[in-house]
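Start counting the sequence shown at 1; every next residue gets the next number (the working numbering).
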Amino acid sequence: ECYNSSVNPQENDPAFATATNASGHYLLSSMPAGEYTVCAWKFGYEPHSGVAEIYENDTTFYNITLLPAQTYVVQGNVTDSNTGALLWANITVYREDTGAEVTSVGAPTGHYTLNLIPYTYIFKVEAAQHLTLQETLQITGNTVHDFELMPALFLDTVESGENGWTHSAASGPDLWHITERDSHSSSHSWYCGYETGEYDDSMDDSLMTPLFNLTNYQSATLTFWHKYDFEGATNPYDGSDVEISVDGGAWEQLFPVGWYDDYIYGSGNAAFPSGTAVYAHSSNGWKEAEFDLTDYAGSDNVRIRFRFGSDGSVHSYEGWYIDDIAIYGEIAAPLPDLTIAEISFSDNEPWAGDTIFINATVANNGNKNASNVTVRFTDVTLESELIIGNVTIGSLAYGTQDIASIPWQAVGGYHIIKVEADPDGEIEEFYENNNVLTKEITVSSGNAPPTCEITAPPAYSAVNGTVTISGTASDADGTVQSVYVKIGEENWQVANGTTAWNLEWDTAGMANGFYDISAYSYDGEDISPVDSIVVTVDNCAGNYYIQWSHNYGSSISDARYQGPQPIGDADNDGLNELLIGGRDGELHVMKWNAGTSTYEEQALLTEPGGSGDNPGGFAIGDVDNDGLNEIAVAWDYHFSAFEWNGAAYVQIGTTWVGDGTDNTYDCFIGDFDDDGNNEVVLADDPYSGNPEITVLSWSNSKGDFVEKAYWDYPGTATTPMAWVADVDNDGSNEIICVPGYDLVVLDWNGASFTATTVDTFSYETYACVCGDANGNGIPEIAVGLHSPDGYIYEWNGALYENIWSATWPGEEAVIEAVAIGDTDDDGYAEVGFGTDLVHLVQWNGTTYVEEATLPTAGMLAPLAIGDCDNDGKNEINAGNVDDAPYMEWVFKYRLDNPPTCNITYPVNGTTVSGTVNLTGNAFDADNDSLNIFVRIDSGEWTEAATGKGRASWTYEINTSQMETGLHTIYAGSFDGQRYSIISHVDVFVSNGVAITIHLYTGWNLITVPVENSYNASDLAALIPGCTMLAWWNAASGTYTTFIVGITPPGSPWDFAIDDGIGYYVKVSNDTVLSLNGTSLGNVSVSLYPGWNTIGWWKDVPTTASSLAGNI
């Protein structure tokens, strides 16, 4: 590079420049004579600077020698960001300015060393099953720099086949496949489309990842690269999204960082309802997507699906490519996780006063050893829990278990013993659901325990609102002192009354679901057995869905504008219209078409003078007080009104222009001066000291609007909105407005306004909307600021008081998007605040709480609540003024139909054993996704199956671990909002057991502890070396004897073997009787005066005193 000697080479471009050839030769020609500064440089060498004199008509030889640049040592370690372990890595170094590769080095031990000249470089660090890291470093000397690589839980570059991925089509052909048509890296990617470069009509195609596990993660992220081109450059008819399923449950939509592109238009898409957020239009090349999966951290059996849907026509677009899919996250710190695996008693049938041992098996299912494990034993039978004591068992390694035992002096009656464990404060695990186990035990005493029964509500019924739980109690030898009731996981409560008792249960604050109701009575000494029922809490639930949406485009001229009264009967036909305006200079009058179930444009209004001004504010109301509604519009610098003539909207009066300089932001129709006639209140952005509020009224004599009043704010302030309402409950209306940073209430005294500044804010005020938000009959004032903040004020009899405020950090500002009205048809108003989302809050009797958030996008300006579709229920209209695409939405609330569920096998009364496949059906009239839950007896509800709309389900249970006897199986379904009424069947579990009885030479006394239909001959045939059987008939006081080989089988002496009876068996040598069968359940034996022989048939031990006490 040659510079004129009079300039600074560091601040100017060279006069002449060239590059050497491969041999280092260079040539510069046609240079004017003179002195030049000559600079030369090559990467890796010190730069050269010298002076050369060029003579006219001469060739100057100027040779340059470059010296190698000094190098510095750059070194460090490459480690796993979760574990800190050193990684075998490869490091490639590139120049930042050109991207040219400089060098590369391997780090097989996790340590790397490089020699680099001073420069700015990009380091690319790679290691197997880790995310590639790119980091920019400026090297100015010897440098030590470590790199941490995030381990990938799941990483697929689609270069080695399907690897456990699956794909299917719910509609249309399944077009997901691995392709070489296009890719982000290497040569392959997943592709939903034909190899010809287009897809098909009416597709609902899904690509599913293999199952992965987030159990040990505290945060997680999904990233992938994709490229797409779908039908719908303006209105997205086709699109795609990403969804997640946990433990085989329903698929839930995931939302990317930065949101999707648009919302499905119309109802023709085979996969997505209208208004679903999707990737749409075209990606214009490969781009990276990121999804935060932290809400699912800790979950097992997780699966992601990539879902594409198209409508019934036009498919000449390329489709969707997916490549370089990664799931990674931060692993949670290792922790112990204690559970109580089992509780047992040293005596299962103790008497009052006996000392028995309670034994608890404690397991550490975590991933860290626990130290100083403490086990707590508590008697939770009565309302006031009684701690029996704590036992310390010391350290407990993860993956192991130990037993804690504590002595307990038994108290007569029924008891529930609860056991919990805690690793000595490392984690407070007491009262965790997975760390508690209870077991019941009945202690015998001389007192007859009381009884208790729940009579209402009916078992298995659905309940809502306030429910009266009632029942009866009695005591045969005393008095019932109290009755206790427990609902779900709540504490025991004392009921009202004793022999006839009741308790009020307010379910309004409870989540919908299945709840156990339990009750017992207490007579001062013993408690009754607990009576329990299960019911479904079903406080009718609903959800908001997008009834209609429209994309007005992505140009700034397509932005949407707000009107304070956009919903009303503009054409006086008894049906409402919806006004939609924006920066395109057009006001669309929309009307619901019940036949096509959509909103259609009835008329299009523009500024009558042809100025092209934008409709910045608009309202529907009776502006000329003729009993019919008109449309009032605040154009940028004008105001005009229109009435329906039966065929079109025509202007009434002339266009009001003021002095032609004020920006007319908004207009509101209302009777500000209480004269019985409406006026139009204009909110202005004034210039030249003009007023902020101007009031126009209709003059019948002039057939035009005239200025009736005005209010001039001290100084000049933008005033985006105004409202008319009686906010101080004095019987007269006020004007509420938001000039500058203030909230102001204007009282009209007949000649002028008296202004009250309610509050001054740190951000500009934009919205003021009035309405009775808390049901006290007095309108509140809701305010939005040019920040993500909302406020609500109300008159307290002396002044306006701020009763609620909220901020939504990271969201867009709340400008004019504020509205008040009953959005869910529950008789109570909601207050809506629009940021880039719609936040709906409602008064709960004490404060305002957020009850719903609606998925919009971009900074909202329009937000209105009213009956848009004329069904007698309100909808929510919203639109955005910032961040393309510029959309309008109508949201509607719908009540959800409750699902149903039944059990088809086993039927009631069936005897089952071993592995049993439960079957049943579930149905949801709304075609919602269904989760089917099953419970055995009083165990936990377990998700058994999933489905959608109408589903047949199957669930396998293993009865081999269940006690022989009667058990109840419950089933119910959940559609995301409501739970079904519970279905149930009673079954008898009869599991075969193997019994071995050792017999000794001579006489033995035995019983047969399994179900049987034996006679003496049958039992004798099972006993090797048996010579005789004898039965003491206690009723007659005689023996009946069966002698093997002598007594004929089937004779009167071949007696039946009955349950619970003791029989004499004589054998000729020591031997064993082996029996296989079903264990006996309850046994009843008739006893007679004198001696009786009975047999103990259970597999748990007993004592003579225990038996005597029960006879």
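Even for Gly, the Cβ is constructed at its ideal location relative to N, Cα and C.
Quick check: the Cα distance between residue i and residue j, rounded to an integer number of angstroms?
i     : j     : result
E428  : V1065 : Because E428 carries a pLDDT of 47, less than 50, the predicted location of this residue cannot be relied on, and no value is offered for it.
T967  : L930  : One point to set straight first is that residue 967 is His, not Thr, in the sequence displayed. In a straight line, the C-alpha of H967 is about 26 Å away from that of L930.
Q977  : D896  : 7 Å
V314  : F761  : 53 Å
W286  : F230  : 14 Å
E432  : D337  : With a pLDDT of only 43 at E432, under 50, the local geometry of the prediction cannot be trusted, and no value is derived from it.
K486  : N369  : 36 Å
S405  : I417  : 13 Å
D205  : A169  : 4 Å
E707  : A722  : 16 Å
V105  : L863  : 59 Å
T1102 : W492  : 33 Å
G266  : V589  : 19 Å
Q253  : Y766  : 34 Å
I1046 : N1015 : 15 Å
V987  : L437  : 25 Å
R560  : D666  : 14 Å
P407  : D422  : 20 Å
Sort the options by Cα distance to residue i and report the nearest one.
i     : options                       : result
N12   : C2, T596, F147 and D867       : C2
Q565  : Q409, V769 and V436           : V769
D201  : M208, S316 and I304           : S316
H415  : N927, V380, G389 and P1024    : V380
N301  : F212, G965 and L1073          : F212
D824  : A861, V1083, N1033 and R894   : R894
S1068 : Y1088, W1096, N1110 and Y1000 : Y1000
S1105 : H188, S344, Y1088 and S445    : S445
D826  : Y848, K873, D624 and F833     : K873
C1026 : G715, L1073 and V1010         : L1073
G920  : A352, T499, W953 and N1076    : W953
W1091 : G1062, V1100 and T1078        : G1062
Hey, residue i and residue j: beta-carbon distance below 8 Å or not?
i     : j     : result
F514  : Y979  : yes
H130  : L86   : no
V362  : Q401  : yes
G581  : P615  : yes
T718  : G740  : yes
Y552  : Y886  : yes
I815  : A861  : yes
M208  : T276  : no
T374  : N359  : no
A280  : D261  : yes
A994  : S983  : no
V78   : Y112  : yes
A619  : G676  : no
S1084 : S990  : no
T472  : N502  : no
F753  : W711  : yes
V537  : N512  : yes
G1060 : T1007 : yes
Starting from residue i and walking both ways along the beta strand (DSSP E), at which residues does that stretch end?
i    : result
L854 : Y848 to L854
L575 : Here L575 belongs to no beta strand (DSSP E), and DSSP marks it neither H nor E.
R303 : V302 to G309
L396 : L386 to L396
At which residues does the alpha helix (DSSP H) containing residue i begin and terminate?
i     : result
G1109 : A1104 to G1109
L1019 : A1016 to L1022
What are the residues that DSSP puts in a beta bridge with residue i?
i    : result
H967 : V987
W501 : G471
E980 : First, the amino acid is wrong: residue 980 is Ser here, not Glu. According to DSSP, which records beta bridges pairwise, S980 is partnered with nothing at all.
C452 : A473
H226 : K287 and I322
D337 : Looking at the DSSP assignment, D337 forms no beta bridge with any residue, so it has no partner.
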